[in-house]
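All letters in the sequence shown, in the order written, are residues 330 to 416 by the numbering used here.
Written out below as structure tokens is the structure these notes cover.
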Amino acid sequence: MALSHKTRKRLSLLLLVVWLPLYIVAAVSIVNALGRPSIMVELLVYVVLGFLWALPFKFIFKGVGQPDPDAPRPPEDPPEQPPENKG
Numbered sequence: 330m331a332l333s334h335k336t337r338k339r340l341s342l343l344l345l346v347v348w349l350p351l352y353i354v355a356a357v358s359i360v361n362a363l364g365r366p367s368i369m370v371e372l373l374v375y376v377v378l379g380f381l382w383a384l385p386f387k388f389i390f391k392g393v394g395q396p397d398p399d400a401p402r403p404p405e406d407p408p409e410q411p412p413e414n415k416g
């Protein structure tokens, strides 16, 4: 089932406002539960987790920044005529 452009926009907003902060809290909690690893290991874990959160939602974010392809397009204006020379 394909989602409409409007639905994908709303879902992406919901994901960014609700899911992402929850994911960040969970990621920090997991790293803290592991103890304090070296700074390079911790950085690697955060970078990997930073990419992993978006992979399941790639289909929702795809094309959200583009104009709605299903929206009616306004009629195109005719080309302007150059002003006539009266001189």
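All residues carry an ideal CB built from backbone N, CA and C; glycine is no exception.
As the structure is a prediction and not an experimental result, all values here were calculated from the model.
{"query": "Expected contact under 8 Å - CB spacing of L349 and W382 to nearest Å", "result": "7 Å"}
{"query": "Simplified DSSP state of E371, which is helix, strand or coil", "result": "helix"}
{"query": "Status (buried if at least 16 other CB within 10 Å, exposed otherwise) for R337", "result": "buried"}
{"query": "9 Å Cβ cutoff met for V354 and E371", "result": "no"}
{"query": "Closest Cα partner of K335 within the set F390, P366 and V347", "result": "F390"}
{"query": "Span separating the alpha-carbon of P404 from that of P398", "result": "15 Å"}
{"query": "Cβ-based neighbour list, A331, same chain, cut-off 6 Å, excluding 5 preceding and 5 following", "result": "none"}
{"query": "Supposed close pair A356, L378 - CB separation, criterion 8 Å", "result": "5 Å"}
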